[in-house]
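In our numbering, the protein residues as written are -9 to 470.
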Amino acid sequence: MLTPLIPHSPTCQQETKNPQNTHYSFALNEAKNISKISLPMILTGLLLYSRSMISMLFLGHLGELALAGGSLAIGFANITGYSVLSGLAMGMEPICGQAFGAKRFTLLGLTMQRMVLILLLTSIFIASLWLNMNKLLLLCGQQEDIAKEAQLYILFSLPDLAAQSLLHPLRIYLRSQSITFPLSCCAALSILLHIPINYLLVTSLKLGIKGVALSAVWTNFNFVGSLIIYIIVSGIYKTTWNGISWRCFRNWKALLNLAIPSCVSVCLEWWWYEIMTLLCGLLMNPKASVASMGVLIQTTSLMYIFPSSLSFGVSTRVGNELGAGNPHHAKIAAIVGVCFSFILGFLAFIFAVSVRNVWACMFTRDNEIINLTRIVLPIVGVCEFGNCPQTTVCGVLRGTARPKLGANINLICFYVVGMPVAVWLSFFGGFDFEGLWIGMLAAQGCCMMTMMFVLAHTNWDGQAQRAEELMSCDQGDEEQ
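Here you go:
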């Protein structure tokens, strides 16, 4: 048995008396800890999802051209900007989670400063790409009027890169300390203001598509501002923040070694859906296929909120326990998280099957689109049986500072297994639109089995040792 860090811990005494009871109580306690982190994150995710829906409604109100241009711009921004910033920021998770567990509190503040700088520098390159979006879209064969609308939307979205560069690190900084309910409250406040802001800019000031873009930016800055106010008023910064320091310009290597693979892993998943949409345009009924794909992507985005929130909770708990030198507790956190994920997968399947006949009717009245969506929704539900566990194990890999492994698994499963299956079934096997989603099912199934194999063969004592080594990288700087 491992030597406890705290000799007089009551839980450790129980372990000597009745190991079976202790394991059960640890698991029950871990379920509560994960729930306390993940449930508010689900609420936050749903609020942010509703914000994007509100923006789409205002775009639709402006007319077909604005909706097409805005949708194209949002897709382009997701691929080239938001996926990159979100992925890079996830490199913070293992360091912050383990630092909090190890009580290396000032390392949290330093890591957040470093990540903000990394994201701001990355935003400069993203902005240069966005400024040339119109030319790129025309080269890809997009209609000129839609490309111009998209360019207008993305130009007024440029300040959002700065907002996201602050927002992602702030959220991870709080989440790594298991502070998630205030995140939900701040998100709720910003979303409540999102509707009147849209009304003011789009309807009252008649800014059109520019107003929709600026509303999203304004809302994100409101979110950032409310988080900063909470951090200052609550005083949680006192143990983790020693002010802006020149030390944030040093020791980037460990952070980048985690951030870059995390970014690759996130981008591989995000880009898959965009490739699927492009392939829809080559099918027998491209118009209905693309529209149905849009409905299904919105649906999977909604369902993804639940396993992704669970993965954040599991990542935090695993990181905290490894940082504290408790590999056994970290293992229990991972197992409990995976058990939750199978329950989520089952519920997602039930949801997809239950709503298959009515879901598309909320988006369109076109019978072809409704029929395609009805046929594919059960396949989407089965995909969630793989997606929920693999997303959760991705959280475990982040908590154990192994994002490179997750990126390699995603690359092989999605692009070496899933993509060929999708292309062959759709274009040569006679499955058409269904074939793309069967390819997704193959990718998710392969990914889940590989992730579960990795989890089953994890050396938790070795991961605790790696966490200690990761924490030692910044010890000199932190003590200065």
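Don't be surprised by glycine CBs; every beta carbon is placed ideally from N, CA and C.
- Residue range W450 to S462 is occupied by the alpha helix (DSSP H) that includes W450.
- By the neighbour-count criterion, in which 16 or more other beta carbons inside 10 Å mark a residue as buried, N400 falls on the buried side.
- Cβ-Cβ separation between V328 and T382: approximately 6 Å, consistent with a contact (criterion under 8 Å).
- Within the segment 315 to 392, no run of beta strand (DSSP E) reaches 3 residues while sitting entirely inside it.
- Runs of the alpha helix (DSSP H) spanning 4 or more residues and lying entirely within the segment 2 to 75 occur at 9 to 52 and 54 to 67, in chain order.
- If you check the CB distance, V370 and T290 come in under 8 Å.
- W236 and L100 have their C-alpha atoms roughly 10 Å apart.
- In the structure shown, A244 adopts helical secondary structure according to DSSP, grouped into three states.
- Taking C-beta atoms as the reference points, N212 and S180 count as a pair closer than 8 Å.
- One alpha carbon belongs to N347, the other to N275, and they sit about 20 Å apart.
- Spatial neighbours of A58 in its own chain (CB-CB distance under 6 Å, excluding positions within 5 residues in sequence) are listed in chain order as I136.
- The DSSP-derived three-state label of L148 is coil.
- The beta-carbon distance between C86 and S168, rounded to whole angstroms, is 11 Å. This is too long to meet the 8 Å contact definition.
- S255 is a Cβ neighbour of G396, given a cutoff of 8 Å.
- In the three-state scheme derived from DSSP, where H, G and I count as helix and E and B as strand, Q434 is classed as helix.
- The beta-carbon distance between L312 and A454, rounded to whole angstroms, is 5 Å. This is short enough to meet the 8 Å contact definition.
- By the CB criterion at 8 Å, G65 and E264 fall inside the cutoff.
- Nearest Cα to L156 within the set G271, S298 and R104: R104.
- Annotated as distal: A244 and L98, with beta-carbon spacing of 8 Å or more.
- Around the C-beta of M352, fewer than 16 other C-beta atoms lie within 10 Å, and the residue is accordingly described as exposed.
- For F421, the secondary structure class from DSSP, reduced to helix, strand or coil, is coil.
- In this model, K277 and V285 are separated by some 13 Å (Cα to Cα).
- The Cβ atoms of I187 and G60 do not sit closer than 8 Å to each other.
- Leaving aside the five residues that flank F16 on each side, the residues in its chain whose CB is nearer than 6 Å to its CB run, in chain order, I322.
- The beta carbons of G91 and N310 sit closer together than 8 Å.
- Judged by their CB atoms, R388 and M31 are not nearer to each other than the 8 Å cut-off.
- Counting other Cβ atoms within 10 Å of its Cβ, S28 reaches 16 or more and is therefore classed as buried.
- Counting other Cβ atoms within 10 Å of its Cβ, Y72 reaches 16 or more and is therefore classed as buried.
- N247 and T354 have their C-alpha atoms spaced approximately 45 Å apart.
- If you draw a straight line from the Cα of F417 to the Cα of F423, it comes to about 9 Å.
- For the pair H13 and A21, the Cα-to-Cα distance works out to about 12 Å.
- Contact between S331 and P297 is confirmed by a C-beta separation of about 6 Å, below the 8 Å threshold.
- Spatial neighbours of A117 in its own chain (CB-CB distance under 7 Å, excluding positions within 5 residues in sequence) are listed in chain order as L148 and L151.
- By the Cβ neighbour-count rule, L121 is exposed, with fewer than 16 other Cβ atoms within 10 Å of its own.
- With contacts defined as CB atoms closer than 8 Å, G429 and S301 fail to qualify as a contacting pair.
- Residues of the same chain with a CB within less than 7 Å of the CB of S40, apart from the 5 flanking positions on each side, are I181 in chain order.
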